[in-house]
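Take the sequence shown: its position 315, counted from the start at 1, is 301 in our numbering, and no numbers get skipped. Just so it is clear, CB atoms sit at the ideal spot from N, CA and C, and this is done for glycine as well. All figures in this text were calculated on a predicted structure; none of them were measured in a lab.
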Amino acid sequence: MCGIVGYTGSQEAIQVVLDGLRRLEYRGYDSAGVAVLSEGPLRVAKKAGKLSNLEKEVVAAADGFTGTTGIGHTRWATHGGPTDRNAHPHMSADGRVAVIHNGIIENFAKLRASLESSGIEFTSDTDTECVAHLLALELTAAGGDLAEAMRLVCRRLEGAFTLLAVDTGTPGKVVGARRNSPLVVGRGQGENFLASDVSAFIAHTRDAIELGQDQVVLITADSIEITDFLGVPAQGRDFHVDWDLSAAEKGGHDWFMLKEIGEQPHAVDATLLGRVGEHGEILLDEVRLTDQDLRDVDKIFIIACGTAYHAGLVAKYAIEHWTRIPCEVELASEFRYRDPVLDRSTLVIAVSQSGETMDTLMALRHAKEQKARVLAICNTNGSTIPRESDAVLYTHGGPEIAVASTKAFLTQLAACFLVGLHLAQVRGVKYADEVGAVVDQLRAMPAAIAQVLSTMDDVRALARSLAHQKTFIFLGRHVGYPVALEGALKLKELAYVHAEGFAAGEMKHGPIAVIEEGTPVVCVVPSPAGRGVLHDKIVSNIQEVRARGAYTIVIAEEGDEAVVPYANHLIRVPRTPTLLAPFVTTVPLQVLAAEIADALGHDVDQPRNLAKSVTVE
Ligand code: F6R
C-alpha cells in the first residue's frame, strides 16, 4: 500500500527519496509526492499517477529541490480520490510542516470539524491533512520540539498510521511514528533513513531497526531517538537484512513477476532448508508454544487473504490427512465478523507474505482475544503479523516485488506442510521416519518446479493465442481445486478478464451453462497413480465441458494418457505425490496469466487498482 521514505544525511535528499520511492513502487500507488527541507521554504511536489509524473515536476522546478533532509510518499487512495491535491505530503496552513501518512485515521472527521471550526481551511479531502495542522499547533505547545509535538498528535489519533514529518523550524530532522502500520529505520554512517520497508534504503544500508507499536522516532544524520507516545525512551528491534539490492531488482527479466516465477525452485528450497532437526522435528523460527500446547490443539483455523488463502485451502487437505485434526480455512476479512468458536485449544495459522495485511492482522487479534494460539507463516521479517503471533515460521522466499503473488504461494505451501508434519509428529500420529519420507518428497519439489519452468515456451505461445478471450474457466478437484481458484485469480488480477475457478464436480450444478463454443477451460488433473477415482472423475468432467464446445487446456502428469483424447492443449508436469501436486500445477497458470497480461499490454508487476501490501480493512 502507501510507500514512505524519509532521509537525513549529507546526500541530496531528493535523489535518495525518489530512489527509495521507486523501490517501493511494488506496493501499489496512484499518486506520489516529496518534501525537501531547503534553506528557504519547504519544497513540495506531488502528482497523481506514476512516479515519472512527479520526477518531471521536480526536474522542471527552476531552483531544484536542494537539501539534505526530505520525505517522500507513494499513495494508494483511501480518503479522497487519487488527485494532485490529495497526494501527500500535506502541509500545515502556515507552510511550516509537511506530513506523509500510511493508514487510516478513524477519528479524522471529528478532528477536521474541530480544526475547521477554529478557522483552518483544508486544501484536500484526506484524513492526513488533519495531522499536518495538528502538528503545527502542537509544535507551538511543545516549544518547537518536533518529536514531542508528534507524540502529542499521536495521542489524539485513532486508527492505523505510519507518519513522517519535517518542519522548517527543525532542520536536519525527520520525525516518524507508527501504530498498526509498519515503519523501519535504516541505520547509516552519517545518515539515517525511515521507510515502510527496507527495500527503500537497501542500496545504502542493511542495518535496520523495526519500530514497535505506538512509538515515535526522531532521526538526525547521527542519531536515532525512539520513545513511546508518552515520551518514555523505548527501543525498536535491531535486525540485519540478509538480502541485497540485486535480489530486489529484475535480474534481466522484463517483469519482477517473471523473475519471481523463475525463483520458485530456490525459494521453496530455502524455505525447507534447515527445518528438520536431528529427531525429525520441524524447527520453527520463533516459538512461544510448547509441544504440550500443540498436543492440546483440537481444531485448526487457517486465516489468510487472496493467494495466501488459496495456499491455506491446499494445506487443509494435507494437515487434516496427516494430523486428523479438523482444519478450517477462512478468508481473514470474514473471520471475526462471524464470531468463530475459538478457545485455548484452537490453533490459528495466519498466512501472509507481507505480514502487514490488515484483514489477517485483525483476524489474528480476534483469535488472540479468544485465547487461541496463533502461528504465523510469513515472508517478511520484522512485520506485524509474526510479531503479534505466538510462533513464526518464515518462508525464506526473498523479497516479492510484483503485486501478484507467485513464489509466496509455493513457499507458503511448503511452510504449511512443514507445520502439518510437525503437528502430526508431536501428537504421535506420525513417526519421525514417516515425517522424513514426506520431507524428502518436499525436497524433490524444487527440481520438479525447475523442470516445469524449462517447458514454459509452449505455455507462452498458448497464452498469446488466447489473449483475445473474454472468459476463462479453471477446473480442479481435491488439491487441484484451490489451484484452479489461484489460476483464475492470477488471470483476473493481471489480464483484467473474467476468470472463475470451480470444483470440477460443481460444473454440472450450474456453471456449465456459461460454456460456449471456444471458451477456454483449464483443467488441473490429479495423478492417476495417487487417487485413481478422482482422476477418472475429472476426465469425465473434461468430457462434459468439451461436449459443450469448450477449448480444453489440460494440465496432467507425464504418462497420463487417459486425458489425451480430451485435451485441445496438453501441458505436462512431472509425476508428483497427490498432495504435493500444486507445487507443479500452479506454475503454468502463473506463466499463462503473466503472458496474457503482457500480450494485452498491461503492467504485469503493478496491475491496476491493486496494492502489494493491503494495510486497510
Ligand atoms: C494475489 C495476491 C493477493 C495476496 C493477498 C494477501 O496475487 O498477491 O491476493 O495474496 O493480498 O497478501 P499477504 O500474503 O501479504 O497477506
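From the listed residues V139, L143, V20 and L101, the smallest Cα separation to I86 is found for V20. Between the stretch 125 to 138 and the stretch 49 to 57 there are fewer than three C-beta pairs closer than 8 Å, too few to call the two in contact. The ligand F6R has no heavy atom closer than 6 Å to the beta-carbon of G298. Between I582 and A423, the C-beta spacing is not below 7 Å.
Scanning its chain for C-beta atoms nearer than 6 Å, with the 5 sequence neighbours on each side dropped, one finds around F488 the residues L461 and P497, in chain order.
In the DSSP secondary-structure assignment, E211 is bridged to L204. Annotation for T343 indicates a beta carbon within 6 Å of some heavy atom of the ligand F6R. In this structure D183 is buried. Its beta-carbon is surrounded by 16 or more other beta-carbon atoms within 10 angstroms.
With distances taken between CA atoms, K354 lies nearest to R330 out of G263, Q339, E486 and R330. R61 sits in a strand when the DSSP states are folded into three classes. Look at P560 here: in three-state DSSP terms it is coil, with no helix or strand label.
Unbroken alpha helix (DSSP H) stretches of 4 residues or longer found wholly inside the stretch 107 to 193: 114 to 127 and 132 to 140, given in chain order.
If the five residues before and after L452 are omitted, its C-beta is found closer than 6 Å to the C-beta atoms of P506, all from its own chain and listed in chain order.
For A189, the distance from the CB to the nearest heavy atom of the ligand F6R is not below 6 Å. Note on S599: 16 or more other CB atoms within 10 angstroms of its CB, so buried under the neighbour-count rule. Taking 3 residues as the shortest admissible run, the stretch 301 to 367 contains the following complete beta strand (DSSP E) segments, listed from N- to C-terminal end: 313 to 317, 332 to 338 and 359 to 364.
Secondary structure of A536 (DSSP, three-state): coil. In the three-state reduction of the DSSP assignment, V405 falls in the helix class, which pools H, G and I. At a threshold of 6 Å, C364 does not count as near the ligand F6R, since its beta carbon sits no closer than that to any of the ligand's heavy atoms.
Rounded to whole angstroms, L565 and Y303 show a C-alpha spacing of 7 Å. If you check the C-beta of S182 against the ligand F6R, you find no heavy atom less than 6 Å away.
A straight line joining the alpha-carbon of L596 with that of K416 spans about 42 Å. One alpha carbon belongs to I557, the other to P574, and they sit about 8 Å apart.
Ranked by Cα distance from A84, the options N178, A449, K159 and F403 are led by K159.
Short note on V577: C-beta not closer than 6 Å to any heavy atom of the ligand F6R. In the three-state scheme derived from DSSP, where H, G and I count as helix and E and B as strand, A542 is classed as strand. Contact between A146 and I90 holds: their C-beta atoms lie close to 6 Å from each other, under 8 Å.
Bridge partners of R223 according to DSSP: E196. DSSP places I0 inside the alpha helix (DSSP H), whose first and last residues are A(-1) to R9.
N88: member of the beta strand (DSSP E) spanning V83 to I91, first to last residue. Judged by DSSP in its simplified three-state form, S513 adopts coil rather than helix or strand.
If you draw a straight line from the Cα of A485 to the Cα of G473, it comes to about 8 Å.
With contacts defined as CB atoms closer than 7 Å, T571 and N554 fail to qualify as a contacting pair. In this structure, the CA atom of E264 is about 10 Å from the CA atom of A418.
In this structure, the beta-carbon distance from S110 to N166 does not fall below 7 Å. Relative to the non-hydrogen atoms of the ligand F6R, the Cβ of G292 comes within a distance shorter than 6 Å of at least one.
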